[in-house]
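Residue numbers (my numbering): 488 to 579.
We put the CB at the ideal spot given by N, CA and C, even for glycine.
This one's a predicted model, so the numbers in the text were calculated from it and none came from an experiment.
Input: a single structure, listed below in structure tokens.
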Amino acid sequence: MSRDDRARTTHAEGPETALRVAVDPALCIGSGICLATAPRHFEPAEGHRSRARPDAPGADESADAAVALCPVEAIGFLTPGPPARPPTPPGR
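Below, the structure written as structure tokens:
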């Protein structure tokens, strides 16, 4: 999937998916495009790198734009995992 396709398909599953932004620190080169494009979703980290804000809202068009503009494709989206199964009681 190309970077352009990824930016266009982020919300394809519907708003209930609640995608969250994530930044791969090993790839981030600190260009600052994400901070300028979507300041509600990103904050400065070590050096010139960026990271996703822990209190950021679910992904929106500005987050999609940051993904599309990232020169090294360091930004992605996380979907919430399935709910954890309750522990099985002993002896069952």
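Cβ neighbours of residue i in the same chain (closer than 6 Å, five flanking residues each side left out)
{"i": "Ala532", "result": "Arg538"}
{"i": "Leu565", "result": "Arg507, Ala509"}
Three-state secondary structure assigned by DSSP to residue i
{"i": "Ala553", "result": "helix"}
{"i": "Ile562", "result": "strand"}
{"i": "Glu548", "result": "helix"}
{"i": "Ala523", "result": "helix"}
{"i": "Pro531", "result": "strand"}
{"i": "Arg540", "result": "coil"}
Minimum C-alpha distance to residue i - residue among the options
{"i": "Arg527", "options": "Cys557, Ser518, Val508, Pro577", "result": "Val508"}
{"i": "Pro567", "options": "Ala513, Ala546, Phe529, Cys515", "result": "Ala546"}
{"i": "Ala543", "options": "Ile520, Phe529, Phe564", "result": "Phe529"}
{"i": "Val582", "options": "Pro577, Ala553, Leu522, Gly563", "result": "The chain is shown only over 488 to 579; residue 582 falls outside these bounds and no answer can be derived."}
{"i": "Leu506", "options": "Glu560, Ser549, Val559", "result": "Ser549"}
{"i": "Arg540", "options": "Cys557, Gly534, Cys521, Thr575", "result": "Cys521"}
Contacts around residue i, its chain only, beta-carbon distance under 7 Å, and the 5 residues preceding and following it disregarded
{"i": "Arg536", "result": "Pro512, Cys515, Gly517"}
Test: residue i CB closer than 8 Å to a CB of chain D
{"i": "Pro544", "result": "The chain inventory of the structure shown lacks chain D, comprising one protein chain alone."}
Cβ distance (whole Å) where residue i is taken to contact residue j below 8 Å
{"i": "Ala525", "j": "Ala552", "result": "7 Å"}
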